[in-house]
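Protein chains: 4
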Amino acid sequence: MTIKVGLVGGTGYTGAELMRLVAGHPELRLDCVTARELSGKVVSDTHPQLRGVVDLVFSTVDNERLAACDVVFTATPHGVAMRLVPILLAANPALKVIDLSADFRLHDASEWERWYGEPHTAPEQLAEAVYGLPEYHREAIAKAQLVANPGCYPTAVILGLAPLLESGLVRPAPLFASAVSGTSGAGRIPRVAQLLSEAGGGVSAYNASGHRHLPEIEQALREQNAVAELSFVPHLAPMGRGIHATLCAQLIADMADEKTLHHTLQERYAHEPFVDVMPLGGHPRSGDLRGGNLCRLAIHRPQGRGVVVVLSAIDNLVKGAAGQALQNMNLMFGLPESQGLGVGGLAP
Amino acid sequence: MTIKVGLVGGTGYTGAELMRLVAGHPELRLDCVTARELSGKVVSDTHPQLRGVVDLVFSTVDNERLAACDVVFTATPHGVAMRLVPILLAANPALKVIDLSADFRLHDASEWERWYGEPHTAPEQLAEAVYGLPEYHREAIAKAQLVANPGCYPTAVILGLAPLLESGLVRPAPLFASAVSGTSGAGRIPRVAQLLSEAGGGVSAYNASGHRHLPEIEQALREQNAVAELSFVPHLAPMGRGIHATLCAQLIADMADEKTLHHTLQERYAHEPFVDVMPLGGHPRSGDLRGGNLCRLAIHRPQGRGVVVVLSAIDNLVKGAAGQALQNMNLMFGLPESQGLGVGGLAP
Amino acid sequence: MTIKVGLVGGTGYTGAELMRLVAGHPELRLDCVTARELSGKVVSDTHPQLRGVVDLVFSTVDNERLAACDVVFTATPHGVAMRLVPILLAANPALKVIDLSADFRLHDASEWERWYGEPHTAPEQLAEAVYGLPEYHREAIAKAQLVANPGCYPTAVILGLAPLLESGLVRPAPLFASAVSGTSGAGRIPRVAQLLSEAGGGVSAYNASGHRHLPEIEQALREQNAVAELSFVPHLAPMGRGIHATLCAQLIADMADEKTLHHTLQERYAHEPFVDVMPLGGHPRSGDLRGGNLCRLAIHRPQGRGVVVVLSAIDNLVKGAAGQALQNMNLMFGLPESQGLGVGGLAP
Amino acid sequence: MTIKVGLVGGTGYTGAELMRLVAGHPELRLDCVTARELSGKVVSDTHPQLRGVVDLVFSTVDNERLAACDVVFTATPHGVAMRLVPILLAANPALKVIDLSADFRLHDASEWERWYGEPHTAPEQLAEAVYGLPEYHREAIAKAQLVANPGCYPTAVILGLAPLLESGLVRPAPLFASAVSGTSGAGRIPRVAQLLSEAGGGVSAYNASGHRHLPEIEQALREQNAVAELSFVPHLAPMGRGIHATLCAQLIADMADEKTLHHTLQERYAHEPFVDVMPLGGHPRSGDLRGGNLCRLAIHRPQGRGVVVVLSAIDNLVKGAAGQALQNMNLMFGLPESQGLGVGGLAP
């Protein structure tokens, strides 16, 4: 089997990472990559790491050609996929689509409108889309035609907090998440704040009053406990890749010691190929996961007090974007879930 | 007036930064710098940034010479100052001492023993030492003979959380602090974890189960509210200098809107030369404060919910160590508090 | 004496650094800062490191106000100062101007046109401008009305190579300079190549076929030897500040051993406040010079062969721009040359 | 076919990278990894990026077990392999050995002694060892029993300069190489100079008076022209991985224009799977090659003058160490040369 792949949106880091992974996957063939402003240009001139790996030129969005693919990935700014996907699915009812943007992640169209400032144009597809976090929706993903690939922060935060809520050991509110991302999360867009001269000097929070990934995270946590409520503060650190999230929840009474908490996490992910629970006392480093599709977790209960701390690290472009998209695609096509992904990271 | 300065412990980054500041202070003259293993070596061979600034050689600890100074700074690993300071104070009852280590920060000797694993050898001095956070103990510092200079994390966390506790607007427990530090906080000590090859690749938490700065922070917060309790998770990020702390507390009922919270913070520090409260919506960047003695704060109340978020940034080696020590010294000698300190930071 | 300062172009890193230095200089008062697109905005919103240091708002270019200053610094893209300066000098014949852009650095208007792609609009001023490298033109600078402040690479390269040419010990051609700069050298301009995600990952050369600083360097070297010819390759490294230049020249016959070469360099700069020649065997680190106005040099003659290697490091924004501008201003106004500059750097 | 692999020296970055590549190679099985001081410890505790990839514990050096392997890689400090390899080869005359240290790289034992300060203990094997640069010794490598894997700087410098010497278009002396490396080249050894606090702040040269990779490079260049002589200055930059080398040579008379020079390079490597010659005007970035086995080259003839500049970039741990070792192993065992290596890099 060779699966014909179309990629809409190949300018950014997510698109580039997806091309790298597609090139290394034995069952896939990249048919076309679109990029509005770069159409006609050699892909590897924009992404020199792909010289010798991808020899396509960027094309404009050609609905017919995309609809002739087996699977289309959309790695576009929000607002694009919700307009394109209905057209493609109408043109080819057998097509599978994985959207890496935010367009199909929130089930509630009015909530989407509230955070993105415009009405959702494809409420029907929104209702059908499956949230592509395999650890929680594996079966639905396998059957889905349209998968909403999770955001990077949400992947790190949900994988760390959901098992605690699931277990009923912690209070659903308030939950805290302080997360640090590398600059690639902000995209390959020329902005002063992401210049090395600016972002290279230190750490800072941003969007502390409200980040668009918050409703997505709470929606997922509320699958475990309907009243889950999270305070989420994202930060920028001087690194290209990686997310590290530090998650805090309050234990209900004295229901669980540290070992029980660790056991809960370990059991939950015992058979997951891409979640690694460290031994007690561990501290995951985002730098160890570069290029790999792993989410690495550790759990602490400091001083035996009533607060549990979960540490969660991923590569934002892999498990937080392109890698998870490929994992979803493997599930949707009945391929081995880990195919083309590997597990190790590149360090130093 | 020329104040004669002795520095015990000149090998590390804190000692070096203190030498830089002392050299720029018009009333100070550095008389001697000790360093056990480097005695006889030129100071600026170890700290090339001081070539042309400090032309001393390191000496061994000479109690007589140190006691003949007007002020002695100790920038040594814990356990050293508590043995040396009583000897120096006995030799020169007019001597003033500022200890930049952890030896005199905790009022309770048994608490000190619990965190540092050995009995405190100078309980008398421990009882007399003043905690050198000028924003909360200015008058006592001015009269003190022995000042315990605060730790770097404690400076950032206390300055951010104390006003909220003081105001009575938030619950004293649980409080959350997720703080990120540059590698200089770990000292100029050859360790694998602080190699650029390791720490340069990403972010990681460390000592999530208990960091020695926790009891120091809680001791200070309990001056505002006796039952304050903090969950504190420190992290390492790929940068040399700087601390950024993200602090969360739960509002009591609906006692204060965002503007009131901001006003509370602003009023508390309105006359402080080294605390800068940003306008509402602000996000301090640790990188903007390099070399300056400033603590920069911002406050948010995300989505109008019941959680308040304070962002706090400092240069760990200046306001978090050597700069604050100099600020304390200015107070102890009746000099203008800001002398030799400046306010601006070096960016990029 | 209080000198009234005007700054044209306050958006970039050079302008911001100049404001920091002006604020710390006891004889200067910053009267106005212009920035076309930010006019009316608070300066420290753009440069948060200046909060509490500079409390001006950006203004538009007001020729009358600028001409009423004692000194005007122009820190603008090339092509701006050559149009503005003649107007200001006509309006106020007593005004002194220091141009930090490239507009007055090349003596030859046709050479300027060749590298900058448009005719020079102020050939008269070009002829009168003094090249502001104090170590080589101190007396002329002191008498000058218009000083062309050297580029960052030229400062590092000329200070390292000129003494060797002056001594007659090396061949004037070919000379080699491989220099590495931090990203702040490219300015505070949103460009993909300077994003942390791009520049943070490694080192690369740029403009290897010809960089605009080349003619400026050769012009200066030819003051020492009329046939000097340089191969110059600039690079970008993952750091915000700093330049490190590695300079190679071929010894004429066997005219000088390593000690003689070192002595030549040391003698040349023995009385220079801002050039530091390291002992034999030294290696300057650009990171030790951050915020300081120093050029640090070291010299090697590897394996006693016929090639001499000079290593040269500066802070590109200080000795390579704003600091040198202030040094020139001190000379032009008869102030102590080092006033407001200090010597030390900030490390780590 | 499954090839049984032994690795001597698994503590460092080279050993870890080799384990990553071996784990991804379909024909290899890692039998044992030695590490004197870590024997008995889990490999992935030292190298967390290998959690889930390598599940061995470190062992002590067991000659019998090593000799029972099909191939042994030695990734040890110099002086170790030259003592061990003769023993292993005596025990198993069919064993193949690839030494990643410096022990077998110099053909001349007295030259080795001069640079490493002790007599070579295995002059016989030294004489037989093949220098493992496939682009120049492919056939000899395929037949070799003992391969000396090239150093990281030598790989980058030789691949860039050798074709020019081979072509006869440039003078063999003096040649210039200014090369910049990430900190991983200095190994996973706790040293102050490689701390992020030190190396993170800027760029500096080191060993400018003579680096041990110089004789190795000159030996290789002299295969092309017997009187080749190089000035080589290595530098450290704030990055974990990567080498960028800037190489200069003088053209003989006016023998070649830029296009001819480019064509020469391109032709030389037209069929090489791991050398990528960029189009004219290109500038390789070391950051684009992370994790890949590629050497990327570009060539310039600035201003049409008599100097040619070659830019050369590699990942120091892959093409500069472990990747090239695997490439050599593929050749020695008759496997496809690219197996288990891929070509792309990880960026950002």
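Protein chains in written order, with the working numbering: chain X, 55 to 402; chain U, 55 to 402; chain L, 55 to 402; chain G, 55 to 402. C-beta atoms are modelled at their ideal positions from N, C-alpha and C, and glycine is treated no differently. None of these values were measured; they are calculated from a predicted model.
Burial state of residue 65 of chain X (16 or more Cβ within 10 Å): buried
N-terminal and C-terminal residue of the beta strand (DSSP E) that residue 168 of chain G is part of: No beta strand (DSSP E) contains residue 168 of chain G, which is instead part of the alpha helix (DSSP H) from 163-170.
Minimum Cβ-Cβ distance from residue 170 of chain U to chain G less than 8 Å: no
Rounded separation between residue 211 of chain X and residue 362 of chain U - CA only: 20 Å
Bridge partner(s) assigned by DSSP for residue 127 of chain G: G/61 and G/152
DSSP-derived helix/strand/coil call for residue 88 of chain X: strand
Anticipated Cβ contact below 8 Å, residue 401 of chain G with residue 266 of chain G, distance rounded: So it is not a contact: roughly 30 Å between Cβ atoms.
Cα-Cα separation between residue 151 of chain G and residue 128 of chain G, rounded to whole angstroms: 8 Å
Residue 56 of chain L (DSSP reduced to helix, strand or coil): coil
Where residue 288 of chain G falls: helix, strand or coil (DSSP): strand
According to DSSP, residues forming a beta bridge with residue 113 of chain U: U/88
Chain X contact residues for residue 253 of chain L, given Cβ-Cβ distances below 8 Å: 250
Residue 260 of chain U (DSSP reduced to helix, strand or coil): coil
Beta-carbon proximity list for residue 196 of chain X, same chain, < 6 Å, skipping 5 on both sides: 385
Counterpart residues of residue 367 of chain U in DSSP-defined beta bridges: U/298 and U/350
Meets three-Cβ-pair contact criterion under 8 Å: the segment 318-335 of chain X and the segment 285-297 of chain X: no
Chain-order list of residues whose beta-carbon lies under 7 Å from that of residue 306 of chain U (same chain, five-residue window excluded): 223, 224 and 225
Any chain L beta carbon closer than 8 Å to residue 294 of chain X: yes
Contact belief for residue 160 of chain L with residue 270 of chain L at Cβ below 8 Å, rounded distance in angstroms: 6 Å
Residue 154 of chain L vs residue 375 of chain L beta-carbon contact at 8 Å: yes
Three-state secondary structure (DSSP) of residue 334 of chain L: coil
Cross-strand partners of residue 83 of chain X (DSSP beta bridge): X/58
8 Å Cβ shell around residue 137 of chain U - same chain, five flanking residues per side excluded: 175 and 176
Chain A contact residues for residue 238 of chain L, given Cβ-Cβ distances below 7 Å: Looking at the structure shown, chain A is missing, and the protein chains on hand are X, U, L and G.
Reference residue 220 of chain U, options U/382, U/338, U/303 and U/255, closest by Cα: U/303
Per DSSP, the bridge partner or partners of residue 96 of chain X: X/111
Whole-angstrom distance between residue 347 of chain G and residue 163 of chain G, CA atom to CA atom: 30 Å
Contact between the segment 227-240 of chain G and the segment 381-395 of chain L (3+ Cβ pairs under 8 Å): no
Stretch pair the segment 250-266 of chain G + the segment 272-284 of chain L: three plus CB contacts closer than 8 Å: no
8 Å Cβ cutoff, residue 90 of chain U in contact with chain G: no
Check whether residue 297 of chain L and residue 247 of chain L have beta carbons under 8 Å apart: no
Rounded straight-line distance, which links the Cα of residue 278 of chain U to that of residue 268 of chain U: 16 Å
Test: residue 87 of chain G CB closer than 8 Å to a CB of chain U: no
Residue 328 of chain U to residue 106 of chain U span [Cα, whole Å]: 28 Å
The segment 100-115 of chain X: positions lying closer than 8 Å to chain G by Cβ: 101, 102, 103, 104, 105, 106 and 107
Same chain only: Cβ atoms within 7 Å of residue 78 of chain G, ignoring 5 sequence neighbours per side: 394
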